[in-house]
Amino acid sequence: MSIRKSLNPEELVEKLLSGDRRAAARLITLIEDQSVQANGMMKKIFPHTGRSTIIGLTGSGGSGKSTLIDHLIGRFRTMGKKVGVVAVDPSSPFSGGALLGDRIRFQSHATDDGVFIRSMASRGYLGGLARGTTDVVRVMEAMGNDVILIETLGAGQDEIDIIHLAQTCLLILTPGMGDDIQAMKAGIMEIADVIVLNKADLDKANLCQSSLETIIHYGMDKKKGWIPRVVPTIAFASKSTDIRGMEELVQAIMDHQAYLHETRKIDDVRNKRIEQELGLVFKDEVEKVVFAGIKGTGKKREYIESIRAGKTDPYSVVKEVLSTFLRV
Amino acid sequence: MSKEKIKVVISKVGLDGHDRGAKVVASLLREAGMEVVYLGMYQTPESIIKAAIDEDVDVIGVSYLSGEHLVFTPLIVEEMKKKGLDDVLFVAGGSFPPEDIPAMKAMGIDEVFRGGSLTEGFVSYIQKHVGQKGAE
Amino acid sequence: MSTDKATAVQEKETQEHNWDEYLQSYYEKPASTRTWSGYEVKEIYTPEDRASEDYKATVGDAGDYPFTRGIHRNMFRGRYWTRREVVGIGSPADTHERAAYCFKNGGMGLNTIADVTYEMGLDADHPWAKNEVGLTGVNLSHIKDMETLVGDIPLDKVSWSLITASTAAAPTMAQYVAVARNKGYDIGCLRGSIQNDPIHFRYCGFRPACPLDLSVKLGSDVMEFCTREMPKWYYTTVNMYDLREQGITAPQEIAYGFGIAMCYMDELIRRGLPIDAFAPRFTFYVSCHIDFFEEIAKIRAARRMWAKLMKEKYGARDPRSLHFRFAVHTAGCSLIPQQPLNNLVRIAYEALAAVLGGVQSLHCCSYDEPMCLPTEKGHLQALRTQQILAYETGVTNVSDPLGGSYYVESLTDTLEQEALRYMKEVEGVGGMEEAIRTEWLDRRFEEEAIKRQKEVDNQDKLVVGVNLFTTEEEKTTPLGVQRIPEHSARDQIEGVRKLKMSRDKRKLNEAIKKLRDAAAEGRNTIPAMIEATQAMATTGELLGTVREVFGYSYDPLNIIESPFH
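These protein sequence lines are chains A, B and C, in that order.
For what it's worth, this note's numbering labels the leading residue of the first sequence as 3, then goes sequentially.
For what it's worth, this note's numbering labels the leading residue of the second sequence as -14, then goes sequentially.
For what it's worth, this note's numbering labels the leading residue of the third sequence as 19, then goes sequentially.
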């Protein structure tokens, strides 16, 4: 029986919670499309979430995020863990379409039922993730995945939504790409719990590693607790024997997770995630209500032209709209 | 029931390594506003269908260029049936004689596009038929 | 009465409407004045276009440096090009039968091609091979397969071209030599060639079988072995044709093909072979696409460039080292499945270009190339295309008949300049191996492929039957469809199983150990492969053993394990 025909939200949630992948995949689509039914379903699955390990990977294109994820999936699977993966790719600003090509790099897990991989297009959302990623991660938790890996767009230093969502954040850099300078500018401490120096066989890798460690060292006084660890890796090699650093990377992740749990910082992390979600849902709902009110009335156009003509300004417009619709 | 975006999985199957067409089609579908999951080479019917499920795609597109079309088409259709993907379109492109097209359709493929197809042809086919298959 | 008048008026109107259209198309101008690769060309070329060029230094007679006009003075008057149709179908016995058929009908040399399973280094009984054995070529899993393929053909008289491109070319060479030796031939008398270009083959799929270092290693092992032991054999046919099939332009074909050739040459030199010891046997596989003059100019430019490269960069002295020796495969990607008989015409034009370009050996596609393997009739038609060209048209009377054409000389210069520019670009990203490793070259192929599709979609390139003069799609293939006999794959898989069970395991293990040692000690692996082949080692076993020494999985697809531990 086709799952699209049985779109009864109750049934979908039930199926999902009992492990039906198609139901989960369907719900994710509804979330991506911002379907009205999604909220109702999210309410039902929420109680079944919040217990997974969430790891984020960010870094510029070509740094090797996907290949690292491929290895990490393997490692977590041998530990007996179920793994969910969200891989985000940019949508074309011109056509709105997207080429979701991260999955190709983890196809070695192509028929492992303990791995659930979903590619998401950003659909114009800035911040490094897709709009629905926070909800999608909840769905993956509800499915029973112990570990969830999130691969962001990471094209530049602006894509940092991940730091609120992930518990352990990996920043992937490669030597000689000037990333270390960029990272310095962005403040590595702010972003990364583990800095993966991938393609560590390249020129200047040692130099890069020491300069990163120096930056961290000097920043150390400002931040107590976890010191970001630099892990050199070689994720891609034509020979499997040339792959390096995977054990150390998993160890670093586990150590950070242990740190979070032992110091109860995990609660802060979870709080931050919830705060971000709350903010998103709140903004969404308010926007829906407000724009539902003036949708189709041509008022939005009027306001915009008014502002352009210098007759009013955005703050006054918003105040007017809010006072009309929310009685503020 | 409509979706925001049409989602397509494009894959090669078996040992065939001619991927020029598959890559070009993936790019052009993206330019037509679709979200394309590109699986690359050496896939099996199982791995393709698993991706199709997890990614909740509307279309499965396979590229055949080494004579394997009559071998793999029934295997893919069977796997689709087994996993309940009866509302997902199954299309193929590549190199096969016209005599085999009725056979492929009888096996369960929805449409085929041989070499020399213009982009507009397969894009409009997909846009027109997505969501129609198995619709009551 | 009134209806007759109405009809008459209607008819008159229809006729007037037609006349307008007719006049329009009568005076139609070509939409484009560019070559296929995109170069603007003038209305007419005159002596002014090559006014200051010194003929002797920059063009030269055929047979004289820089060989723009041909590698031999008398070209086809001295000897026709070899008519060699590629054959590969089903089992070794099926392929032998078709190869013999072509030979009987006027094909001058034999030309057999590996299927996808063989190129991937899989024996017929590999779990992934069973679905695809024999579909687009032949799989030779062991010495008996090669024996069947070769049959009674006199190997010292007939020139045999073995088309295995990947690292599996090393087992192919070993298998061929093993069979020849068993039959009592002096391998120094064997005539023919082996494609053996694993570096390029990653662009045709087969990346698991052709990691870069192993490609250089095994490719060079074959080249070195043949240079020392088989003076009449061409040990490589660097395949620019497959690169062109990715959608790149004519000068890119030259540039990237030369880049790959240099990877092998540098390795052979590193192994201590003097350039003149091996260069005379270096050959290329070139495409001939549909832009007639551009392809001819491309070949002439390639010839001149190769001569200069060998002389100036590699210091070659033997004139034969400076020869750009090549076979042509007419462009498969120029053919289309719609209105398939049109392909006969395209192939004929492309073959003409190849001959006017001065080719040494020619394969004409069968008209049904975009749809299936060639039928006997299709193969015959391709052969006849060559024969009509050779015997009826008179093109063989003169070397480089287009030499001196103001247009062709000018276009040759342009293509040389452009190819050099592309070669410089490759140098700029760190050289060919780096361009391959970083997937820079993949990006170029992808870009060009999309451009080609858009050109057709937008009618910037016109293709009859696709965006011009289209008709309803045909339901049948004019000369029938080639099917592989069902039992062929089954028999072959059975054959491999039986062989594995019945062979002398002790002898085999000894031979495999020798091969492993040769690989581990950095020696040439071909002698050990030959011995192991004679001890009934299979293709997968030969390759797998060497792969393991180099740190790769025994099986390129990582499904089966080595049976030798």
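The C-beta atom is built at its ideal place from N, Cα and C for all residues, glycine as well.
Flag residue 115 of chain A as yes if its beta-carbon sits less than 9 Å from any beta-carbon of chain C, otherwise no. Residue 115 of chain A is outside the set of residues whose beta carbon lies under 9 Å from a beta carbon in chain C.
Once the 5 residues before and after residue 224 of chain C are set aside, which same chain residues still bring their CB inside 7 Å of it? Hits under 7 Å: 137, 138, 184.
From this set, B:110, B:40, B:72, which residue's C-alpha is nearest residue 26 of chain A's C-alpha? Distances from the alpha-carbon of residue 26 of chain A to those of B:110, B:40, B:72 put B:40 closest.
Starting from residue -4 of chain B, follow the beta strand (DSSP E) in both directions and report where the run begins and ends. From DSSP, the beta strand (DSSP E) with residue -4 of chain B extends over -8 to -2.
Residue 581 of chain C to residue 550 of chain C span [Cα, whole Å]: When only Cα atoms are considered, residue 581 of chain C and residue 550 of chain C end up about 15 Å apart.
Using 9 Å as the limit for Cβ to Cβ distance, is residue 117 of chain B near chain A? Not closer than 9 Å to any Cβ of chain A, the Cβ of residue 117 of chain B fails to qualify, so no.
Checking the sheet assignment: what are the DSSP bridge partners for residue 343 of chain C? According to DSSP, residue 343 of chain C bridges with C:301.
Give the residues of chain C in contact with residue 212 of chain A, contact being defined as C-beta atoms less than 9 Å apart. Per Cβ cutoff of 9 Å: no residues; residue 212 of chain A is ~25 Å from chain C at best.
Opening and closing residue of the beta strand (DSSP E) in which residue 417 of chain C lies: No beta strand (DSSP E) contains residue 417 of chain C, which DSSP labels as neither H nor E.
So, for residue 76 of chain A: in the same chain, excluding its five sequence neighbours on each side, which residues have a beta-carbon less than 8 Å away from its beta-carbon? Only residues of its own chain outside the window of five on either side were considered, and among them 110, 111 have a CB closer than 8 Å to the CB of residue 76 of chain A, listed in chain order.
Considering only their Cβ atoms, is the gap separating residue 86 of chain A from residue 38 of chain A smaller than 9 Å? Cβ distance not < 9 Å, so residue 38 of chain A and residue 86 of chain A don't count as in contact.
Interface residues of chain B around residue 135 of chain A at Cβ under 9 Å? Counting only Cβ-Cβ distances below 9 Å, residue 135 of chain A has no contacts in chain B at all, with the closest Cβ about 15 Å away.
Can you give me the Cβ contacts of residue 31 of chain B inside the same chain, cut-off strictly under 7 Å, excluding the 5 residues immediately before and after it? Residues of the same chain with a CB within less than 7 Å of the CB of residue 31 of chain B, apart from the 5 flanking positions on each side, are 64 in chain order.
With DSSP as the reference, label residue 229 of chain A as helix, strand or coil. It is coil, neither helix nor strand.
Would you report the Cα separation of residue -14 of chain B and residue 21 of chain B, rounded to the nearest angstrom? Confidence is the limiting factor: at residue -14 of chain B the pLDDT is only 40, short of 50, which leaves the residue's position unreliable and the question unanswerable from this model.
Between which two residues does the alpha helix (DSSP H) harbouring residue 28 of chain B extend? Run containing residue 28 of chain B: none in the alpha helix (DSSP H); it sits in the beta strand (DSSP E), 20 to 28.
What first and last residue would you give for the alpha helix (DSSP H) that runs through residue 57 of chain B? Per DSSP, residue 57 of chain B belongs to the alpha helix (DSSP H) from 54 to 67.
In whole angstroms, give me the CA-to-CA distance for residue 283 of chain C and residue 195 of chain A. Cα-Cα distance, rounded: 48 Å.
Enclosing beta strand (DSSP E) for residue 210 of chain C [first to last residue]: Taken as a continuous stretch (DSSP letters only), the beta strand (DSSP E) holding residue 210 of chain C covers 210 to 212.
Whole angstroms are fine: how far does the CA of residue 526 of chain C sit from the CA of residue 538 of chain C? One C-alpha to the other measures close to 18 Å.
Check the Cβ-Cβ distances between residue 18 of chain A and every residue of chain B, and say whether any is below 9 Å. Not an interface residue.
Buried or exposed: which applies to residue 413 of chain C, given that a residue is buried once 16 or more other Cβ atoms fall within 10 Å of its Cβ? Result: exposed.
Output yes if chain B places a C-beta closer than 9 Å to the C-beta of residue 96 of chain A; else output no. At least one chain B Cβ lies under 9 Å of residue 96 of chain A.
Nearest-angstrom Cα separation, counted from residue 81 of chain C out to residue 88 of chain C: About 6 Å.
Please look up how many angstroms separate the CB atoms of residue 54 of chain C and residue 308 of chain C, rounded, as I've assumed it's under 8 Å. Right, their Cβ atoms sit about 7 Å apart.
Is there contact here, the stretch 383 to 392 of chain C with the stretch 81 to 98 of chain B, by at least three beta-carbon pairs under 8 Å? Yes, the stretch 383 to 392 of chain C is in contact with the stretch 81 to 98 of chain B.
Let me make sure I understand the geometry here. Which of B:3, B:54, B:28, B:19 has the alpha-carbon closest to that of residue 44 of chain B? The residue with the shortest Cα to Cα distance from residue 44 of chain B is B:19.
Using a cut-off of 9 Å between C-beta atoms, extract the partners of residue 51 of chain A located in chain C. Near residue 51 of chain A there are no residues of chain C at all, since even the closest Cβ is about 36 Å away, more than 9 Å.
Between which two residues does the alpha helix (DSSP H) containing residue 125 of chain C stretch? DSSP places residue 125 of chain C in no alpha helix (DSSP H); its state is neither H nor E.
Could you please give me the residues that DSSP links to residue 381 of chain C through a beta bridge? DSSP lists C:347 as partners of residue 381 of chain C.
Does any C-beta atom of chain C lie closer than 9 Å to the C-beta of residue 53 of chain B? By this cut-off, residue 53 of chain B is an interface position.
Using 8 Å as the cut-off, can you tell me whether the stretch 37 to 57 of chain A makes contact with the stretch 57 to 76 of chain B, which would need three or more C-beta pairs spanning the two stretches below that distance? Using a Cβ-Cβ distance cut-off of 8 Å, the stretch 37 to 57 of chain A and the stretch 57 to 76 of chain B are not in contact, since fewer than three pairs of beta carbons, one from each stretch, lie closer than that value.
Closer than 8 Å, Cβ to any Cβ of chain B: which residues of the stretch 477 to 491 of chain C, in chain order? Those residues of the stretch 477 to 491 of chain C that come within reach of chain B (Cβ to Cβ, closer than 8 Å) are 481, 483, 484, 485, 491.
At 3 residues or longer, and completely inside the stretch 206 to 273 of chain C: list those beta strand (DSSP E) runs for me, N to C. Here the runs fully enclosed are 210 to 212, 254 to 257.
If we ignore side chains and look at the alpha-carbon of each, how far apart do residue 100 of chain A and residue 292 of chain A end up? In this structure, the CA atom of residue 100 of chain A is about 30 Å from the CA atom of residue 292 of chain A.
Go ahead and label residue 114 of chain C buried or exposed: buried means 16 or more other beta carbons lie within 10 angstroms of its beta carbon, across all protein chains shown. Buried.
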